[in-house]
């Protein structure tokens, strides 16, 4: 009966008469689907392999350094696992119904502090896990938003960020992990600002504090734990620059940090806190340094560079400040670097277009610049897919309206006939599309025969601070014009079908999708908006209190009459009459970043204008879908939507 129903639905769907179920639910009522047809059984079956790909990112070493911790998913969400040897079994340690967030093991101990929220609310709580028996206890209040648990070097205390004082300020707190009632605020932050701990001094008397204002403007302080007095050590009130403090140096009288004050890119630098002398360490690397780790004895460090979207790993001697590239790292993206406690190993996560995130361990020599073998500890399942058939991303660039070249990656097969195109737009807006593993891109290529383009429009990270600021404030729509220029480029390519183009994007990328549909409906066949902004004014007024001022720095202050008028003028929900392309809207009910009201209002407006709109809302998700059962139906729906309209 079920098969017959699916078959009949499939036949009707692609005939001239389309049968829509106005509204239904899936996954025990947690997923609401509006105007979305039933998913044909053929799609469910064909996507099974792609939906059973796993990953196993590196999350840390045990005390002895002979075992690693990873997160992976065997059920509905990712949980913490232990791997005792290279290629060993993944032993599950946590068994929650929500995914595990950040993880921090107590130095010299076995306890792990980790974060977890409920239903995608991002009101993370900090828990203490006993890795011997898997038992855990909540340390925070269960109500506020908490993050960044940071252990002191030789003691039971944890520093962390929390909004528990008033729900809108990111204050810095400390607590004794043995007594959750000991929590004490050591830095009270102004409302709506972002402050968090970065490193403890070895004696536990001082903490390095990060104050994030925007991606191009941040400062750092050193805080005396006892007196609660702070002193600015990086940045200034006169000149805007990005300064991310990383750690104390070996002497405890200096700090390592990232900064763009001395060039276009985020460079690794060192500051002597006694003399105030700053030394830029990576002048010869013309790219952003985007990751850093330091050994427990502070004698060696490792950092990663984002070189045009690909990662390079470097080892550094923190005495001589010399560094050396690790040549054995495969081409791809690297993250999560962390030293074993004795400094003899470096753990890291490596991801490429053919391999999902897996855990690797690099053996290190006594000399901080020398290394041994790189060993892959996990080999994640890829659903039986043949990765040799995966389409390899290629870096391209195209000219925009003002002559500026816009970088992008394109995934395309050998040209047999013009291929339909899916433009996938990143969020942020200060993010970057990089050639990581993506089963959905490979699925679109194989099943739909589509070429996929992931542009890094102006305002994207990774190309210098000047490029990063090209879409700020009143320049917002220049990034939309970059999509228009990409459509021009597609039209000039003989192997691409410019009459069959779709756009898809999440968060700010969702706004880009809606704005592209506003400006270029006549050049698009389909649009997928995932947790996107439909009106900047209502977004800024309704996003969570602790985020509002941070977002105003990027998008503009809606309280200013001139800016408010501009934001209203460019908001897609105020330009619905210009949208003439079918749209799929995807939302999480508990989203604290882009509230559900952003999706609800654009769906309502589209329906009132009798536009074609499908709507999916997960009641147990937030800013994106993290539960497999919801992601599966989302991915199936996207395929159904593209097959009908693209």
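Residue numbers (this note's numbering): 8 to 653. Even glycine gets a Cβ: it sits at the ideal position worked out from N, Cα and C.
Whole-angstrom distance between residue j and residue i, CA atom to CA atom
i, j, result
"residue 405", "residue 493", "7 Å"
"residue 608", "residue 634", "25 Å"
"residue 528", "residue 30", "26 Å"
"residue 373", "residue 351", "8 Å"
"residue 135", "residue 568", "48 Å"
"residue 409", "residue 486", "11 Å"
"residue 550", "residue 247", "25 Å"
"residue 501", "residue 202", "51 Å"
"residue 646", "residue 428", "14 Å"
"residue 48", "residue 34", "17 Å"
"residue 96", "residue 387", "11 Å"
"residue 113", "residue 67", "11 Å"
"residue 623", "residue 38", "7 Å"
"residue 9", "residue 55", "Note that residue 9 has pLDDT 39, beneath the 50 cutoff, so the model's placement of it is unreliable and no number is given."
"residue 22", "residue 575", "Low per-residue confidence applies at residue 22: pLDDT is 40, beneath 50, and the placement is therefore not dependable, though the value from the model is reported in the following sentence. Taking the straight line from one Cα to the other gives about 39 Å."
"residue 311", "residue 297", "6 Å"
"residue 175", "residue 267", "29 Å"
"residue 651", "residue 552", "40 Å"
"residue 420", "residue 364", "24 Å"
"residue 304", "residue 116", "16 Å"
Exposed unless 16 or more other CB atoms sit within 10 angstroms - verdict on residue i
i, result
"residue 36", "exposed"
"residue 186", "exposed"
"residue 482", "exposed"
"residue 139", "exposed"
"residue 28", "Low confidence applies to residue 28: its pLDDT is 46, below 50, so where it sits in the model is not reliable, and the reading given next is rough at best. It is exposed - the Cβ of residue 28 has fewer than 16 other Cβ atoms within 10 Å."
"residue 580", "buried"
"residue 145", "exposed"
"residue 468", "buried"
"residue 341", "buried"
"residue 332", "exposed"
"residue 504", "buried"
"residue 465", "buried"
"residue 343", "buried"
"residue 182", "buried"
"residue 188", "exposed"
"residue 284", "exposed"
"residue 142", "exposed"
"residue 151", "buried"
Endpoints, the beta strand (DSSP E) within which residue i is located
i, result
"residue 232", "Careful: residue 232 lies outside any beta strand (DSSP E) and carries neither H nor E."
"residue 250", "250-255"
"residue 189", "186-194"
"residue 470", "No beta strand (DSSP E) holds residue 470; DSSP gives it neither H nor E."
"residue 532", "Counting along the chain, residue 532 falls outside any beta strand (DSSP E), and DSSP gives it neither H nor E."
Coil, strand or helix - residue i by DSSP
i, result
"residue 265", "strand"
"residue 391", "coil"
"residue 26", "Confidence is the limiting factor: at residue 26 the pLDDT is only 40, short of 50, which leaves the residue's position unreliable and the question unanswerable from this model."
"residue 496", "helix"
"residue 129", "coil"
"residue 351", "coil"
"residue 308", "strand"
"residue 360", "coil"
"residue 140", "coil"
"residue 20", "Here the model assigns residue 20 a pLDDT of 43, short of 50, so the residue's position is not dependable, and the following value carries that caveat. Here residue 20 sits in helix by DSSP."
"residue 458", "strand"
"residue 487", "helix"
"residue 610", "helix"
"residue 547", "helix"
"residue 594", "strand"
"residue 172", "coil"
"residue 52", "helix"
"residue 605", "helix"
"residue 431", "strand"
"residue 451", "helix"
Anticipated Cβ contact below 8 Å, residue i with residue j, distance rounded
i, j, result
"residue 602", "residue 515", "Contact doesn't hold; Cβ gap of about 14 Å is too wide."
"residue 431", "residue 338", "With a Cβ gap of about 21 Å, residue 431 and residue 338 do not count as contacting."
"residue 540", "residue 513", "At roughly 11 Å, the Cβ-Cβ gap does not stay under 8 Å, so residue 540 and residue 513 are not in contact."
"residue 385", "residue 407", "Incorrect: roughly 41 Å between the Cβ atoms, too far for contact."
"residue 588", "residue 534", "5 Å"
"residue 669", "residue 335", "Past the boundaries of the shown model lies residue 669; the chain is included only from 8 to 653, so the question cannot be answered."
"residue 207", "residue 251", "Not quite, the Cβ-Cβ distance comes to about 17 Å (not below 8 Å), so this is no contact."
Bounding residues of the alpha helix (DSSP H) (the contiguous stretch that carries residue i)
i, result
"residue 577", "568-577"
"residue 277", "Taken as a continuous stretch (DSSP letters only), residue 277 belongs to no alpha helix (DSSP H), being part of the beta strand (DSSP E) at 274-279."
"residue 294", "It is not in any alpha helix (DSSP H) - residue 294 carries neither H nor E in the DSSP assignment."
"residue 562", "552-562"
"residue 651", "635-652"
"residue 522", "515-527"
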